[in-house]
Each structure stands twice: as structure tokens, then as C-alpha cells.
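Heads up: the sequence shown is residues 61 to 154, going by this note's numbering. Positions of the beta carbon are idealized from the N, C-alpha and C atoms, including for glycine.
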Amino acid sequence: MRTETVTVKVFSPHRDLLDVRYRREGLKVSLEAGSSLKDLLTALKGMSPALAGLEADFSRGQVMIAQGSQRIKELSVPIQFGQTIWVVDATQGG
């Protein structure tokens with residue numbers, strides 16, 4: 061399988077460990093073509109301890125994920141490479 065790169069921008073008010081570049085420039089994540097958003101969250105988990113809880117927070121409705129302008133409801137959705145993935149964290153922190 062070939063590898064593709066996707067840009068992920070993370071907006072999180074309380075994940076203090078996140079560098080400002082996560083919001084401004086975004087993270088470049090390499091995944092196999094055909095990967096799902098679940099695969100992406102697994103990859104993000106390995107990039108920073110601050111991102112480890114994103115999948116659980118998403119399943120509780122506390123994290124919103126969008127591809128381009130479309131909000132994602134399920135993690136099984138395949139990634140559309142070439143579009144920025146937006147991750148917006150609405151958890152209360154702690």
C-alpha cells in the first residue's frame with residue numbers, strides 16, 4: 061500500500077502539552093491510503109501524550125472532527141487525503 065500524508069489541526073483549550081504549531085501549521089501525519097479516522101487517532105496518540113484521550117473523548121461527544129467542511133460522526137469514515145482534518149476539543153480539562 062502507498063503512504064499518504066494528511067494535515068491535522070488540533071484546537072484544544074486544556075491540552076497544555078500541545079505546541080502552538082499543532083494549531084497554526086498542523087501536524088503532518090503519514091498513513092496508508094484507505095486509512096480511517098480511527099487509524100488517524102491511533103497515530104496521533106503515538107505523537108503526543110496530550111493526544112492520547114482523543115478517541116475516548118470523541119466517543120463521548122466531547123471532540124468534534126471535520127474533514128474539509130464536513131463534520132464526521134463515525135471513526136470508520138475513510139480519510140480524504142488532500143483535505144485538512146480539524147480536531148476541536150470541547151472537554152473541560154483536568
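Alpha-carbon spacing of L135 relative to W146, whole angstroms: Spanning the two alpha carbons is a distance of roughly 14 Å.
Judging by CA-CA distance, which residue of D117, G94, P109 is the nearest neighbour of G142? Of D117, G94, P109, the residue nearest in Cα terms is G94.
Would D99 count as contacting chain D if we go by Cβ distances under 7 Å? Of the protein chains in the structure, only one exists, and it is not chain D.
G154 (DSSP reduced to helix, strand or coil): Here the model assigns G154 a pLDDT of 47, short of 50, so the residue's position is not dependable, and the following value carries that caveat. Residue state, collapsed to three classes: coil.
Which same chain residues, not among the five before or five after Q140, have their C-beta less than 6 Å away from its C-beta? A distance below 6 Å between beta-carbons, with the five flanking residues on each side excluded, links Q140 to the following residues of its chain, in chain order: Q127.
Measuring only the C-alpha atoms, how far is L91 from A103? Distance between the alpha carbons of L91 and A103 is about 8 Å.
Can the beta-carbon of T67 be found less than 7 Å from the beta-carbon of G86? For T67 and G86, yes; Cβs fall inside 7 Å.
Provide the residue span of the alpha helix (DSSP H) that contains K98, from first to last. Run containing K98: 97 to 107, per the alpha helix (DSSP H) assignment.
Buried or exposed by the 16-neighbour rule on C-beta atoms within 10 Å, applied to T144: T144 comes out exposed.
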